[in-house]
Amino acid sequence: MSKTSKTATLSFDDKTLELPMMSPSAGPDVIDIQKLYAQGGVFTFDPGYTSTASCESTITFIDGDKGELLYRGYPIEQLAEKSHFLEVCYLLLYGELPTAAQAEDFESRVTNHTMLHEQMQNFFRGFRRDAHPMAVMVGVVGAMSAFYHDSTDINDPWQREVAAIRMIAKMPTIAAWAFKYSLGQPFIYPRNDLDYASNFLRMCFAVPAEDYEVDPILARAMDRIFTLHADHEQNASTSTVRMASSSGANPFACIAAGIACLWGPAHGGANQACLEMLREIGTVDQIPEYIERAKDKDDPFRLMGFGHRVYKNFDPRAKVMKESADEVLDLMGIENNETLKVAKELERIALEDEYFIEKKLYPNVDFYSGIILDAMGFPTSMFTPLFAVSRTVGWITQWKEMISDPMLRIGRPRQLYTGPTRRDYIEVENRG
Ligand code: CMC
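Numbering follows the working numbering, in which position 20 of the sequence shown is assigned residue number 9; successive positions increment by one, without gaps.
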């Protein structure tokens, strides 16, 4: 970020402050308020960070009005069409697309780390069978800090690199094993001759008793889902990872914190909530009732898979996802899928409705992803774990960027305190 000659003037009480401004390579200018409290004795108030740049970053850019998402400058549509997930991981981690030799080296480094320490199986077995796989993932990923001591020193660039590779490589194994455990089936070990998505599908759907052939079209669809979710700048879970890591916590603990945050229905949990909602709506004739409920201020119901904090035109990921949904259902010979019909009609009706137009609410990435994952055979409880597998590279890239920043300081927001002011303790017999 470069300082500009522009400044912003802030006047209050009898003070006037000149605040420096900075220019990003894309996006709106930024007012630097780092010295505001020291110079003016005031805080700013921005719950939910709607107007606050929490960090400087060179990884991902979103133009919410244009509906544009760029990873290191490359548009998501081009990456979804021409690239593949591991190449995108390289791009995010190192800033450039790899040469053929770099790609080969990176892929072999990732595939060499796909296995989990054998003793980690005990962690899976400690959970109840009906545990949500996200609960298992939070626990198991946090527990990695107890197994991989040689990659927890955040001050050593080599250890940071190993932690990043381990995380990307092992997350599919962890998610697949959480799934297998919930089914009561044996864990399937990774196969390093398969590509990332095929290996994941095989670990989820193979059983030792039978060979499992991965359909390349499904593997491609899976890979595309991973690519579309790989990073999304300073979203809630990424900001959680950054906040956790600002204290110097180890990478596995930080990513476990990110997974916990992702779980919520307003964030990564929306894909599960969305498919459940589409099923609850059930048939096209029920849609108007749900649209009315979504618009009713007294009803907490929201259209899941709709709306986004940043996209106010359309979510470019949703477009690609919709195409993939058609492709996958076609391939699987699923015709007249009622859920897909409900989704398309719901989208059509909502996009013509004054409420959704005025509030700029469009389908987001989660609106169609559940339909694809369902067709692939995943239960809804696995949707958010799949998001976690994809987003791991984003979290770890943002973590690496933050840790190597010489300006790193612990994240410590201020508050607008509106509670009681100082008062004296009251003995119990004098209360009430
Ligand atoms: N259905 C109905 N009304 C909505 C919806 C919705 N899905 N989303 C927002 N609104 C309304 C909201 O009631 C508010 O109305 P008003 O101004 O009258 O109070 C207005 O639109 C602005 O909403 P907001 O909650 O202030 O917006 P936000 O930027 O804080 O929230 C959001 C963004 C994604 C949390 C929200 O749109 C939402 O809850 N959507 C459903 C959950 C979902 O699909 N989440 C996945 C997001 S994409 C994947 C990811 O990031 O993980």
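Don't be surprised by glycine CBs; every beta carbon is placed ideally from N, CA and C.
In this structure, residue 159 lies near residue 102, with their beta-carbon atoms less than 8 angstroms apart. Of the candidates 169, 203 and 167, the residue whose Cα lies closest to the Cα of residue 183 is 203.
Contact between residue 295 and residue 353 is confirmed by a C-beta separation of about 7 angstroms, below the 8 angstroms threshold. Here the region 236 to 256 lies against the region 362 to 380, with 3 or more beta-carbon pairs under 8 angstroms apart.
Taken through DSSP and simplified to helix, strand or coil, residue 409 comes out as coil. Per DSSP, residue 24 is not a residue of any beta strand (DSSP E), being assigned neither H nor E. Short note on residue 337: C-beta not closer than 7 angstroms to any heavy atom of ligand 1. According to the DSSP assignment, residue 8 belongs to the beta strand (DSSP E) that extends over 4 to 12. Residues of the same chain with a CB within less than 6 angstroms of the CB of residue 125, apart from the 5 flanking positions on each side, are 116 and 167 in chain order. At the C-beta level, residue 241 and residue 131 come within 8 angstroms of one another. The alpha-carbon of residue 96 is positioned some 22 angstroms away from that of residue 133. Rounded to the nearest angstrom, the gap between the Cα atoms of residue 281 and residue 259 is 20 angstroms.
Collapsing the DSSP output to three states places residue 125 in a helix. With contacts defined as CB atoms closer than 8 angstroms, residue 92 and residue 79 qualify as a contacting pair. The beta carbon of residue 398 is closer than 8 angstroms to those of 235 in its chain, skipping five residues each way along the sequence. Under DSSP, residue 52 forms a beta bridge with 57. Spanning the alpha carbons of residue 205 and residue 60 requires a straight line of approximately 25 angstroms. With respect to residue 256, residue 225 sits close: the two C-beta atoms are nearer than 8 angstroms.
In the DSSP assignment, no residue is bridged to residue 178. In this model, residue 381 and residue 278 are separated by some 38 angstroms (Cα to Cα). Counting C-beta pairs closer than 8 angstroms gives fewer than three between the region 19 to 36 and the region 323 to 338, which falls short of the contact rule.
DSSP, reduced to helix, strand and coil, places residue -7 within a strand of the structure shown.
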